[in-house]
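The block underneath contains the structure these notes are about, expressed in structure tokens.
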Amino acid sequence: MNTITIAGKQVPRLGLGTMRLTGPGTWGEPADMVGGAAMLREAVHDLGILHIDTADAYGPHTVEELIRRALHPYPEQLLLATKVGMVRPAPNVWRPLGRPEYLRAAVEASLRRLGTERIDLCYLHRVDPAVPLADQVGELEDLRTEGKIGAIGLSKVTPEQIREAAGLVTVAVQNCLNAAEPDDPALAYCLASDIPYVPYRPLNAGLLPDPAAALRWLLELGPQVAPIPGTANPAHLRALFAPAT
Numbered sequence: 267m268n269t270i271t272i273a274g275k276q277v278p279r280l281g282l283g284t285m286r287l288t289g290p291g292t293w294g295e296p297a298d299m300v301g302g303a304a305m306l307r308e309a310v311h312d313l314g315i316l317h318i319d320t321a322d323a324y325g326p327h328t329v330e331e332l333i334r335r336a337l338h339p340y341p342e343q344l345l346l347a348t349k350v351g352m353v354r355p356a357p358n359v360w361r362p363l364g365r366p367e368y369l370r371a372a373v374e375a376s377l378r379r380l381g382t383e384r385i386d387l388c389y390l391h392r393v394d395p396a397v398p399l400a401d402q403v404g405e406l407e408d409l410r411t412e413g414k415i416g417a418i419g420l421s422k423v424t425p426e427q428i429r430e431a432a433g434l435v436t437v438a439v440q441n442c443l444n445a446a447e448p449d450d451p452a453l454a455y456c457l458a459s460d461i462p463y464v465p466y467r468p469l470n471a472g473l474l475p476d477p478a479a480a481l482r483w484l485l486e487l488g489p490q491v492a493p494i495p496g497t498a499n500p501a502h503l504r505a506l507f508a509p510a511t
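Each residue of the sequence shown is one higher than the last, beginning at 267 in the working numbering.
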């Protein structure tokens, strides 16, 4: 498979999303923590997946801890991305929280859970409408300057929000896109601006009948597109990734 450079690392365009490595409602631990760790090791060491995407909100915190358990010390070529700026009061409940002091505390906590001194790529998980976007991205930029973040991404954003943040260092956009939900104005903006575009939910939560065709459709949209399908099933993982490695 051809590659893409994100946050200074050249990786295969197909990465792995990890939201499914939790309990029901994206809450708590998965049914099989040991199996989840083994699957992550297989993904990186056997299948050559070098882009792992997670978030502090998955669990919350569960998946970051699982990634450390499975993969630390991390291979130098691995791109490890996480997201901050979302709080989880209960299962299936997600709320943006973008106050700068909270984002700083969240990044520090993710660094501890992941067992690293720098997060390769840290996304603003959601734009908090109660806080100016410049303040949210600005705090992440301060953390980047301090060496705690390698690069900054934005998630679930519009072209207008991408433009608003363009004065700061933004290297990737992660929005929902799949063959059943094919319309995202941010895609055209990213393609025209040569910004890596990372579709989450690329298989529409498993509802698309032909996963291989769904991923092929995304990859054919342009060289900046880097989908992150997710699974908690090792056989499904192999079916998704083995043919492309």
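Built from N, CA and C at the ideal position, the CB exists for glycine as well.
Since we're looking at a predicted model, the values are computed, not measured.
Give me whichever residues DSSP pairs with residue i in a beta bridge.
i, result
"serine 376", "Serine 376 is not bridged to any residue."
"glutamine 276", "Thr271"
"serine 421", "Gln440"
"leucine 282", "Ile318"
"methionine 299", "In DSSP, methionine 299 forms no bridge with anything."
"tryptophan 293", "Gly325"
"arginine 361", "Val353"
"glutamate 342", "Paired residue(s): none; glutamate 342 is not in a bridge."
"glutamate 447", "Asn444"
Determine the extent of the beta strand (DSSP E) in which residue i is found, giving its start and end residues.
i, result
"isoleucine 318", "317-319"
"leucine 390", "387-390"
At a Cβ threshold of 8 Å, is residue i touching chain B?
i, result
"isoleucine 318", "Protein chain content of the structure displayed is limited to a single chain, and chain B is not contained in it."
Going by DSSP in three states, residue i sits in which element: helix, strand or coil?
i, result
"valine 393", "coil"
"alanine 555", "Nothing about residue 555 can be read from this structure; the chain reaches only from 267 to 511."
"tyrosine 463", "strand"
"proline 477", "helix"
"isoleucine 428", "helix"
"glutamate 367", "helix"
"proline 493", "coil"
Give the C-beta separation of residue i and residue j to the nearest angstrom, bearing in mind that I take them to be a contact with Cβ-Cβ under 8 Å.
i, j, result
"histidine 311", "valine 350", "That belief does not hold up - the Cβ atoms of histidine 311 and valine 350 are roughly 27 Å apart, past 8 Å."
"alanine 417", "alanine 273", "4 Å"
"glutamine 248", "valine 393", "The question about residue 248 has no answer, for the chain in this structure spans 267 to 511."
"alanine 336", "alanine 303", "4 Å"
"glutamine 440", "serine 421", "4 Å"
Provide the residue span of the alpha helix (DSSP H) that contains residue i, from first to last.
i, result
"valine 403", "399-411"
"alanine 331", "Checking the displayed sequence, the identity of residue 331 turns out to be glutamate instead of alanine. Looking at the DSSP string, the run of the alpha helix (DSSP H) that includes glutamate 331 is 328-337."
"proline 500", "500-507"
*Does the count of Cβ pairs from the stretch 360-368 and the stretch 309-318 closer than 8 Å reach three?*
no
_I'd like to know if the stretch 425-432 and the stretch 275-285 are in contact, where contact means that at least 3 CB-CB pairs between them fall below 8 Å._
no
*Could you tell me whether the stretch 380-395 touches the stretch 341-348, using the rule of 3 or more Cβ pairs below 8 Å?*
yes
_For the structure I just gave you, are there three or more beta carbon pairs, one from the stretch 452-463 and one from the stretch 401-412, closer than 8 Å?_
no
*Does the count of Cβ pairs from the stretch 481-490 and the stretch 289-304 closer than 8 Å reach three?*
no
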